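Take a look at the structure set out below.
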Amino acid sequence: MITIAQANAINGIIRGHFFWGHKSDNKVYLSDYGTASNVQKTYRNEQAREANKSIWIQRTAGFTFADKMNMLPYERAGNCGEYTEHAVNLALAMDQVSTVWTFGCSEPGGINHIFCVFNLHQAPNNITCLEEMSSDNSRPDVIVCDPWANIVCLYTDYPIRLRDKMAKWNMSGKSIKLGISSISAIAWGNRCLNAPAYFEQKR
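For any residue, its number in our numbering is found by taking its place in the sequence shown, counting from 1, and adding 1.
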């Protein structure tokens with residue numbers, strides 16, 4: 002069984018892996034709103050543009066997971082898919098017994114998200130969207146690890162934790178890019194939680 006402490010360790014390793022790189026290309030700041038400083042906003046938006054170039058190269062060149070791991074620290078970049086791929090590989094190597102799942106959502110128009118769930122013993126067939134995780138009758142040892150959003154929590158706590166994180170990001174002025182435009186973090190979180198959900202067992 003992967004414990005909450007181990008899930009936090011996985012989350013920390015992944016965020017450390019991307020720390021010296023460009024991080025994500027879909028987290029940007031609004032110039033005229035939020036508590037973040039202008040310097041912080043300018044730097045993040047510049048890094049998002051560089052991250053976009055790095056992610057495009059990785060995806061079009063067909064980088065394997067090993068290729069991504071061997072990138073120089075300052076070249077590293079990824080969105081939720083890359084962060085989750087890393088989490089899956091770490092979890093599979095850390096524990097030879099626990100089940101490892103990816104949960105995600107996808108909505109026409111650009112809302113896509115994916116993260117890990119550990120210790121879940123069967124598919125949640127009664128879940129149609131991620132919002133319903135809060136009322137799902139899961140065991141208390143089922144854990145979510147969402148390194149893109151920097152969330153580690155119990156399975157049923159995920160919707161409220163994601164809403165809280167998006168509210169925090171929104172206050173700072175952070176928004177989420179959808180193609181060439183962006184929407185507020187709060188709006189993105191609401192749509193993410195209510196978009197059609199999907200699940201895949203990795204072990």
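Each residue gets a CB set at the ideal place from its N, CA and C atoms; glycine is no exception.
Because the structure is a prediction, the values reported are computed rather than measured.
Within the model, the alpha-carbon separation for R50 versus H23 is close to 9 Å.
About 6 Å separates the CB atoms of F200 and A124; that is less than 8 Å, so the two are in contact.
DSSP, reduced to helix, strand and coil, places N171 within a helical segment of the structure shown. Less than 7 Å separates the beta-carbon of V29 from that of S183. DSSP places Q97 in no beta strand (DSSP E); its state is neither H nor E. Counting C-beta pairs closer than 8 Å gives fewer than three between the segment 45–63 and the segment 100–107, which falls short of the contact rule. Under a 10 Å Cβ-count criterion, K169 is classified as exposed, with fewer than 16 other Cβ atoms of the shown protein chains found around its own Cβ.
The alpha helix (DSSP H) runs lying completely inside the segment 173–202 and spanning 4 residues or more are 186–195, given in chain order. The Cβ atoms of N80 and N27 sit closer than 7 Å to each other. A straight line joining the alpha-carbon of N9 with that of S38 spans about 29 Å. Looking only at I128, A198, I112, S99, the smallest Cα-Cα distance to I187 is reached by I112. If you draw a 10 Å sphere on the C-beta of V101, you find 16 or more other C-beta atoms in it, and that means buried. Taking C-beta atoms under 8 Å as the contact rule, W149 and Y84 qualify, at a distance of about 4 Å. Looking at V118, C130, P109, Y156, the one whose alpha-carbon comes closest to that of G180 is P109.
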